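Visitor:
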Amino acid sequence: KLVPSFSLALNGFLTLLYPMASWWYEVSIISFLQGALMGLTWPLIQYLVMAIAPRGSKGRAISSYFFVGSLAGPAGDAIYGTFFGTAAVASVVVVSLSFYVLSAVLAYIGSSLATREVSPSKGDEKSVNLGERESDWRLPWLLVLGLGMGGVGSIIGSSLIYILLREWFYLSRGAVAYVLSIIGGFTVGSRLLSGYLVDRYGLRATLRSLASLLAVGIVLVGVKELLTVITGLLITSIAVGALIPASRTYAYQLPDPAGAVGKLNSLGNVGTVLGLLAIGAGMDMLKLPVRWITPIIVFLMPFAALVVVSSIRLYFGERAS
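Residue 28 is where the sequence shown starts when you use my numbering, and the numbers rise one by one after that.
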């Protein structure tokens, strides 16, 4: 229970180093250390959220976690723009440190309560003391699902959408920003909806439906017609946004839930990096012209195939067992 709070507190004190940095690589090192610490924190917090949630509402619990997290980023940007846009860097760093320390205190309190709730004496089916770890055929396929989701999410959420709408349909920058805001809003909402689907219809049915929705969305993106492309982007974003909390709920059902959540987060980040590299290689290194090729389809298909194939394997594998 000390890991999340310690990681958050140390992360906050690392922000004090930013004003002292004089070279870009120093900033990169600080950012890398902060990212590594957060990599220790989020999987544990996600596991604890699901561990303390009632048995019939674990899907809603983790989807609410992702929903609130999605709102926190824009809220932080708004606070910064409103109160600290012209402030000195030092004052912004101090405020950031305060939020990190507050988060560390809350994480410690929450971890203490969660540990008490899921202790072995309570008879919970998942203990924070995991003991001997079992192997499970579902974990590799779940990690493949996470890899594909990371790739699709990074491509959909990147500037490639902006390039596509500008080059194909000559939309203004304001119009593209408006479309992106709509897509982002539906993505955030889908994370909240995912929990209700999982709790009501089950994990297998939810994964199958969302994977099918993702495939339909990507096909629509390849049709060179404005409303069809926007609809495809919207459907794809909804599917990916809903798959993220659903996959974490699935991970909690494995023999080693904490380890599974951590590995799933890790593979999702790897997929994000691979998706961005695919865009960079295709649009820059290979000099692929946007007007000549259907770029979304080319870049998304391998990652989408990972999502669809792994979802099918998980669905039919569990059905057979």
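Cβ coordinates follow ideal geometry from the N, Cα and C atoms, glycine included. A quick note: this is a predicted structure, and the numbers were derived from the prediction, not measured.
Does the Cβ-Cβ distance between Ile262 and Leu247 come in under 8 Å?
Guide: Yes, these two residues count as a Cβ contact at 8 Å.
Visitor: Give me the Cα-Cα distance between Ala331 and Phe126, rounded to the nearest whole angstrom.
Guide: Roughly 37 Å between the two C-alpha positions.
Visitor: Mind the definition here: the region 334 to 342 touches the region 169 to 183 only if three or more C-beta pairs lie below 8 Å; say whether that holds.
Guide: Result yes; three or more Cβ-Cβ pairs closer than 8 Å.
Visitor: Quick check on this structure: which residue in Ile245, Pro81 and Ile257 has the alpha carbon closest to the alpha carbon of Ser204?
Guide: Per the sequence shown, the amino acid found at residue 204 is Ala instead of Ser. Of the candidates Ile245, Pro81 and Ile257, the one whose C-alpha sits nearest the C-alpha of Ala204 is Ile257.
Visitor: From Pro31 to Ala131, what does the alpha carbon distance come to, in whole angstroms?
Guide: Distance between the alpha carbons of Pro31 and Ala131: 7 Å.
Visitor: By how many angstroms is the C-alpha of Leu67 removed from the C-alpha of Ile57?
Guide: Answer to the nearest angstrom: the Cα atoms are 16 Å apart.
Visitor: What's the C-alpha gap between Ala102 and Leu43?
Guide: Using only the alpha carbons, I get a separation of about 22 Å.
Visitor: Quick one: what does DSSP say Leu198 is sitting in, helix, strand or coil?
Guide: In the structure shown, Leu198 sits in coil (DSSP, three-state: anything other than H, G, I, E or B).
Visitor: Can you tell me where the alpha helix (DSSP H) holding Tyr74 begins and where it ends?
Guide: Start and end: Trp51 to Ile79.
Visitor: Buried or exposed for Ala36, please, with buried defined as at least 16 other CB atoms from any protein chain shown within 10 angstroms of its CB.
Guide: Classification for Ala36: buried.
Visitor: Short of 8 Å in beta carbon distance, which residues of its chain neighbour Gly83, apart from the five on each side in sequence? Order them along the chain.
Guide: Closer than 8 Å at Cβ, skipping near neighbours: Asp226.
Visitor: Using the rule of at least 16 other Cβ atoms within 10 Å of the residue's Cβ for burial, across every protein chain shown, is Pro46 buried or exposed?
Guide: Pro46 comes out exposed.
Visitor: From the DSSP output, in three-state form, read off Leu281 for me.
Guide: Coil, per DSSP.
Visitor: Under the criterion of a Cβ to heavy atom distance below 7 Å, does Arg87 qualify as lining the ligand GDP?
Guide: This structure lacks the ligand GDP; in fact it carries no ligand of any kind.
Visitor: Please report how far the alpha carbon of Gln61 lies from the alpha carbon of Gly39, in whole angstroms.
Guide: Rounded to the nearest angstrom, the two C-alpha atoms are 9 Å apart.
Visitor: Does DSSP put Val256 in a helix, a strand or coil?
Guide: Helix.
Visitor: Would you kindly work out how many angstroms separate the C-alpha atoms of Arg200 and Tyr189, rounded to a whole number?
Guide: Using only the alpha carbons, I get a separation of about 8 Å.
Visitor: Would the region 278 to 293 and the region 232 to 241 be scored as touching if the rule is three or more Cβ pairs under 8 Å?
Guide: Contact fails: fewer than three Cβ-Cβ distances are below 8 Å.
Visitor: As a quick exercise: from Val122, Tyr228, Met77 and Leu29, pick the residue whose alpha carbon is nearest that of Tyr135.
Guide: Checking every option, the nearest Cα to that of Tyr135 belongs to Leu29.
Visitor: Can you find the residues in the same chain that come closer than 7 Å, C-beta to C-beta, to Leu230, ignoring five residues on each side of it along the sequence?
Guide: Answer for Leu230: Ala273, Thr276 and Tyr277, listed in chain order.
Visitor: Here's the rule I'm using: 16 or more other beta-carbon atoms within 10 Å means buried, otherwise exposed. How should Phe343 be labelled?
Guide: Exposed, since its Cβ has fewer than 16 Cβ neighbours within 10 Å.
Visitor: Measure the C-alpha to C-alpha separation of Glu194 and Leu327 and round it to an integer number of angstroms.
Guide: Using only the alpha carbons, I get a separation of about 18 Å.
Visitor: Short check: CB of Ile271 to CB of Gly259, under 8 Å?
Guide: Not a contact, by the Cβ cut-off of 8 Å.
Visitor: What are the start and end residues of the alpha helix (DSSP H) that includes Met176?
Guide: Start and end: Arg165 to Ile183.
Visitor: Please go through the same chain and pick out, in chain order, the residues whose beta-carbon is closer than 6 Å to the beta-carbon of Ala63, but skip the five residues on each side of it.
Guide: Contacts found: none.
Visitor: Out of Ala78, Gly178, Tyr92 and Ser90, point me to the one whose CA is closest to Gly302's CA.
Guide: Out of Ala78, Gly178, Tyr92 and Ser90, Gly178 has the C-alpha closest to the C-alpha of Gly302.
Visitor: Would you list, in sequence order, the uninterrupted alpha helix (DSSP H) runs of no fewer than 4 residues that lie entirely inside the region 200 to 224?
Guide: Segments of the alpha helix (DSSP H) lying fully in the region 200 to 224: there are none.
Visitor: Using a Cβ-Cβ cut-off of 6 Å (strictly less than) and excluding sequence neighbours within five positions of Ser123, which residues of its own chain qualify?
Guide: Result list for Ser123: Thr42, in chain order.
Visitor: Report yes if the CB atom of Leu75 is closer than 8 Å to the CB atom of Ser34, and no otherwise.
Guide: No, the pair does not count as a contact, with Cβ atoms beyond the cut-off.
Visitor: Of the choices Ala88, Gly222, Leu133 and Arg218, whose alpha-carbon is the least far from that of Thr97?
Guide: One point to set straight first is that residue 97 is Ser, not Thr, in the sequence displayed. The residue with the shortest Cα to Cα distance from Ser97 is Arg218.
Visitor: Keeping to the same chain, check which residues put their C-beta closer than 7 Å to that of Ala99; ignore five residues upstream and five downstream.
Guide: Nothing meets the Cβ criterion.
Visitor: What first and last residue would you give for the alpha helix (DSSP H) that runs through Pro31?
Guide: Note, Pro31: alpha helix (DSSP H), Leu29 to Leu41.
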